[in-house]
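Scroll down for the structure; my scribbles are underneath it.
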Amino acid sequence: MTTDAHFWNQLLSRTSITPVFVAGIIGLLRYRQLPVVLRCLLGLVGFASAMELAGMVLQALHRPNLFLISLDSAGEFWLLSLVYAWALDSPAFWRWRPWLAGGFVLYVGLSKGLVLEATQFSPAVQVLECLLVLGLVMSYFVKLLNELRVTHLRQDPMFWVSVGLLAYFLGKLQLALFSNYMLHHYSAELNFTIWNFHSLLTFLLYICYCRALWMRPQK
């Protein structure tokens, strides 16, 4: 890979995480005005910020940091399941959420991604997380269509959260399914390009989070 291409890849990677910290700042500034569901989202943003900082520190120390991917997936799904528990307001989901989220966290803990192969990428965890989160998002959209309580969708913070998650996890699912094959059969330059696509998806997701956290609660 050329020096210029490497520079732009690094720049895109660094730029994509900027909205993560911006979303955290917005959430902290508006914390008192946020409903419970968005306070849970702010907790998710704080967790993501901590993971990003940990990854940067390990990279600077030239330590392996791929194990953070599985750890991030476990924490992310646990917190997202809490966000959607409040958004769906379903007694059945509240009863099943600890089992669903706890089961996923247990699977991550027992998977090769976190225990046996801490320095290797484990796509199985990523694929399962994508499917579970997409299930949460689709449940929200089904509830929205059935109840039709929102007059203007653009005024509903959870609509923006769900749109961002839908785009992000659909793209991430494709990367998770084919990541190991691409790593072993294609050039490093192509792999950097593909993961830059992931950086763009991250940027889009957290822009949606910023939008949701910035909005004023609707009556």
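Take 193 as the starting number for the sequence shown in our numbering and just add one per residue. The beta carbon of each residue, even a glycine, is placed where N, CA and C say it ideally should be.
- From glycine 294 to phenylalanine 239, what distance separates their C-alpha atoms? Rounded to the nearest angstrom, the two C-alpha atoms are 17 Å apart.
- Item | C-alpha gap between proline 227 and arginine 408, whole angstroms | Near 10 Å, if we compare the C-alpha coordinates of arginine 408 and proline 227.
- Query: Tell me which same chain residues have a C-beta within less than 6 Å of the C-beta of lysine 364, skipping the five on either side of it?
  - Reply: If we look at lysine 364 and ignore the five residues flanking it on each side, its Cβ neighbours are Cys322.
- Could you check where the alpha helix (DSSP H) with proline 227 kicks off and where it finishes? Neither: proline 227 is in no alpha helix (DSSP H) and is coded neither H nor E.
- Item | Separation of leucine 220 from leucine 234, as counted between CA atoms | Going by the C-alpha atoms only, they are around 8 Å apart.
- Message: Which residue marks the beginning of the alpha helix (DSSP H) containing asparagine 338, and which one marks its end?
- Response: Counting along the chain, asparagine 338 sits inside the alpha helix (DSSP H) bounded by residues 315-339.
- Verify whether the separation of the beta carbon atoms of tryptophan 286 and alanine 277 is less than 9 Å. For tryptophan 286 and alanine 277, yes; Cβs fall inside 9 Å.
- Identify which residue in Gly327, Phe296, Gly267, Ser354 has its Cα closest to the Cα of alanine 404. Ranking the options by Cα distance to alanine 404, first place goes to Ser354.
- Task: Locate the alpha helix (DSSP H) running through isoleucine 209, then write down its first and last residues.
- Result: Run containing isoleucine 209: none; DSSP gives neither H nor E here.
- Message: With H, G and I counted as helix, E and B as strand and the rest as coil, what does DSSP make of aspartate 180?
- Response: Outside the displayed range of the chain (193 to 411) lies residue 180, so it cannot be described from this structure.
- Message: Using only CA atoms, which one of Gln318, Val237, Leu369, Leu393 lies nearest to leucine 272?
- Response: Of the listed residues, the one whose Cα sits closest to leucine 272 is Val237.
- Task: Assign alanine 215 to buried or exposed, taking buried as 16 or more other Cβ atoms, counted over all protein chains shown, within 10 Å of its Cβ.
- Result: Per the 10 Å Cβ criterion, buried.
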